[in-house]
Ligand SMILES: [Zn+2]
Ligand SMILES: [Zn+2]
């Protein structure tokens, strides 16, 4: 299963597999499908769980856990509705599953290559909760609220 960059000059249908993993390497994954809704989030959960002013998220339709550590350890942030996955050895944040969202959320920082254009955030969630000293993430998405 190799990425085929020559074939996708015109579309997302052949979006190549992407790989990623945690800091210690026990948990590894491969994603399938195009990157969906890359965004940052400064909600209180992202700040607490991430140890960071904001987290950087993107969705993929399929994520396969390929490392010796298998799946991340899941912590339910809203019981039965949302859970966050992390490596129980090194603590790296990796993923989120939300019952209302078809894609699996991946922490972009867990990907091996974070440079592609479709990972640039198009939306900033919980902007009102962002720390005041960090410049706002530019939003390219049209916002009806202005
Ligand atoms: Zn790890
Ligand atoms: Zn959040």
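Residue numbers (the working numbering): 737 to 882. C-beta atoms are modelled at their ideal positions from N, C-alpha and C, and glycine is treated no differently.
Should residue 781 be counted as a contact of ligand 2 given a C-beta to heavy atom distance under 6 Å?
As a working mapping, residue 781 is identified with position 45 in the chain shown. Correct: residue 781 has its Cβ closer than 6 Å to ligand 2.
Nearest-angstrom Cα distance between residue 780 and residue 808?
Reading the chain shown from its first residue, position 44 is the one you call residue 780. Reading the chain shown from its first residue, position 72 is the one you call residue 808. Cα to Cα, the separation comes out at about 21 Å.
CB contact flag (residue 786, residue 846, <7 Å):
Numbered from its first residue, the chain shown carries residue 786 at position 50. Numbered from its first residue, the chain shown carries residue 846 at position 110. Their beta carbons are not under 7 Å apart, which means residue 786 does not touch residue 846 by this criterion.
Kindly indicate which three-state DSSP category residue 831 falls into: helix, strand or coil?
Locating residue 831 in the chain shown gives position 95, counting from the first residue. Three-state result, residue 831: strand.
Among 791, 760, 869 and 825, nearest to residue 832 - alpha-carbon criterion:
For the purposes of this step, residue 832 is taken as the residue at position 96 of the chain shown. Looking at the Cα atoms, 791 is the closest of the given residues.
Once the 5 residues before and after residue 772 are set aside, which same chain residues still bring their CB inside 6 Å of it?
Within the chain shown, the letter at position 36 stands for residue 772. Result list for residue 772: 795 and 839, in chain order.
Residues near residue 879 by beta carbon distance below 8 Å, same chain, minus five either side
Position 143 of the chain shown, counted from the first residue, corresponds to residue 879. The predicted position of residue 879 is uncertain, since its pLDDT is 47 and thus under 50; a value taken from the coordinates is nonetheless stated next. Correct list: empty, nothing qualifies.
Distance CB(residue 800)-CB(residue 764) smaller than 7 Å:
Taking the chain shown and counting its residues from 1, the one referred to as residue 800 is at position 64. Taking the chain shown and counting its residues from 1, the one referred to as residue 764 is at position 28. In this structure, residue 764 does not lie closer than 7 Å to residue 800 by Cβ.
Reducing DSSP to helix, strand and coil, say where residue 845 ends up.
Within the chain shown, the letter at position 109 stands for residue 845. Three-state result, residue 845: helix.
Which residue or residues does DSSP assign as beta-bridge partners of residue 861?
Residue 861 sits at position 125 when you count from the first residue of the chain shown. 777, per the DSSP bridge assignment.
Shorter than 6 Å, the distance from the beta carbon of residue 758 to the closest heavy atom of ligand 2, or not?
Counted from its first residue, the chain shown places residue 758 at position 22. Outside the cutoff, so no.
Please list, in chain order, all residues of the same chain as residue 862 whose beta carbon is under 7 Å from its beta carbon, the five residues on each side excluded.
Start at 1 with the first residue of the chain shown, and residue 862 comes out as number 126. 777, 778 and 779.
Expressed to the nearest angstrom, what Euclidean distance is found between the alpha-carbon atoms of residue 828 and residue 854?
The residue you call residue 828 lines up with position 92 of the chain shown. The residue you call residue 854 lines up with position 118 of the chain shown. Using only the alpha carbons, I get a separation of about 23 Å.
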